[in-house]
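Note sheet for the following structure.
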Amino acid sequence: GAVVSQHPSRVICKSGTSVKIECRSLDFQATTMFWYRQFPKQSLMLMATSNEGSKATYEQGVEKDKFLINHASLTLSTLTVTSAHPEDSSFYICSARVREAGEQFFGPGTRLTVL
Amino acid sequence: QKEVEQDPGPLSVPEGAIVSLNCTYSNSAFQYFMWYRQYSRKGPELLMYTYSSGNKEDGRFTAQVDKSSKYISLFIRDSQPSDSATYLCATYNAGNMLTFGGGTRLMVKP
Chain A
1 GAVVSQHPSR VICKSGTSVK IECRSLDFQA TTMFWYRQFP KQSLMLMATS
51 NEGSKATYEQ GVEKDKFLIN HASLTLSTLT VTSAHPEDSS FYICSARVRE
101 AGEQFFGPGT RLTVL
Chain B
1 QKEVEQDPGP LSVPEGAIVS LNCTYSNSAF QYFMWYRQYS RKGPELLMYT
51 YSSGNKEDGR FTAQVDKSSK YISLFIRDSQ PSDSATYLCA TYNAGNMLTF
101 GGGTRLMVKP
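Those protein sequence lines, which keep their order, are chains A and B. Using the working numbering, you'd call the opening residue of the first sequence number 1 and step up by one each time. Using the working numbering, you'd call the opening residue of the second sequence number 1 and step up by one each time.
Have a look at this one:
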């Protein structure tokens, strides 16, 4: 299957700082990228959907000013957690697909710990 | 009612057993179905992608879709300890967004 990479895989930061997570589709162009959040022993929770060159669409309850998403190209999307707090500590996973209803591939995830 | 329902398990089987993982979905209009495997602290890995009804086989894995009963299954033959993971079924809903079941945790014991 296609490969989606994420960087960094793990980050620890102090409360109040901002953290940027990169998501890249390595061998295909992704028309749409997704950002998920997953708490321990729970299923994935969609945070936002982004299309290249457009503003992201956020799910209800997700603060767009706190979770900034930039989909700069067909192979790169970034998620910036601004002014991170301990409750933002979670496992963040990006996903990408080529077309609507097509195969959707996931990155390996980024574990964020906010002290 | 959730769009996709899945028994959370855990499901524990001995090595070599045939594993059957199942999901039900609510909307008969759903046509695309996927199975993902997720190891602890990793992102989900796409195992199978199927369209409409029928079977699809890939190595030890067989995905089955029964649209008449809105039931999807994943069979794993000759299960191995390395198959121990959480298995997620998923489908595209009416809004063209991927909708997951809650995941079934599988443990294959040597």
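For every residue, glycine included, the Cβ atom is placed at its ideal position computed from N, Cα and C. Values in this document were obtained by computation on a predicted structure and should not be read as measured data.
| Query | Result |
| --- | --- |
| Could you tell me the distance, in whole angstroms, from the CA atom of ARG105 of chain B to the CA atom of LEU11 of chain B? | 6 Å |
| Beta-carbon within less than 6 Å of ASN22 of chain B's beta-carbon, same chain only, minus the 5 sequence neighbours each way: which residues are those? | SER73 |
| For ASP78 of chain B, which of helix, strand or coil comes out of DSSP? | coil |
| Is PHE34 of chain A near THR17 of chain A, with beta carbons less than 8 Å apart? | no |
| Any chance the CB of LEU46 of chain B is under 7 Å from a heavy atom of the ligand NAP? | Among the components of this structure there are no ligands whatsoever, and the ligand NAP is therefore not found. |
| Does any residue of chain A have a CB that is nearer than 8 Å to the CB of TYR25 of chain B? | no |
| Is SER9 of chain A closer than 8 Å to ALA84 of chain A when the C-beta atoms are compared? | no |
| Can you list, in chain order, the residues of its chain with a C-beta nearer than 6 Å to that of VAL3 of chain A? Leave out the 5 residues immediately preceding and following it. | LEU26 and ASP27 |
| What span of residues does the beta strand (DSSP E) with PRO14 of chain B cover, start to end? | 11-14 |
| Whole-angstrom Cβ separation of TYR32 of chain B and GLU45 of chain B, contact assumed at under 8 Å? | Not confirmed; about 17 Å, so no contact. |
| Figure out for me which residue from A:ILE93, A:GLY102 and A:ARG99 has the closest Cα to the Cα of GLN38 of chain A. | A:ILE93 |
| Return the bridge partner residues of ARG97 of chain A from the DSSP annotation. | A:THR32 and A:GLN104 |
| Output, in chain order, the set of chain A residues within a Cβ distance shorter than 8 Å of ASN96 of chain B. | GLU100 and ALA101 |
| Taking only the alpha-carbon atoms, compute the straight-line gap between THR24 of chain B and GLN6 of chain B and give it to the nearest angstrom. | 7 Å |
| Could you check whether the Cβ of LEU74 of chain A sits closer than 8 Å to any Cβ belonging to chain B? | no |
| Apart from the five residues just before and just after ASP88 of chain A, which ones in its own chain have a Cβ nearer than 7 Å to its Cβ? | VAL81, LEU112 and VAL114 |
| Do you know how far the Cα of PHE67 of chain A is from the Cα of GLY61 of chain A? | 11 Å |
| In chain order, what residues of the same chain have a beta carbon less than 6 Å from the beta carbon of PHE100 of chain B, not counting five sequence neighbours either side? | LEU88 and ALA90 |
| Counting contacts by CB-CB distance shorter than 8 Å, is ARG37 of chain B in contact with chain A? | no |
| Output the distance between the C-alpha atoms of SER54 of chain A and VAL108 of chain B, rounded to the nearest integer angstrom. | 44 Å |
| Would the beta-carbon of LEU30 of chain A fall within 8 Å of that of ALA72 of chain A? | With the sequence shown as reference, residue 30 of chain A is identified as Ala, and Leu is not the correct amino acid for it. No; because the gap between Cβ atoms is not below 8 Å, this pair is not in contact. |
| Residues in the same chain with beta-carbon distance under 7 Å from LEU46 of chain A, minus the five sequence neighbours each way, listed in chain order, please. | PHE34, TYR36 and GLU59 |
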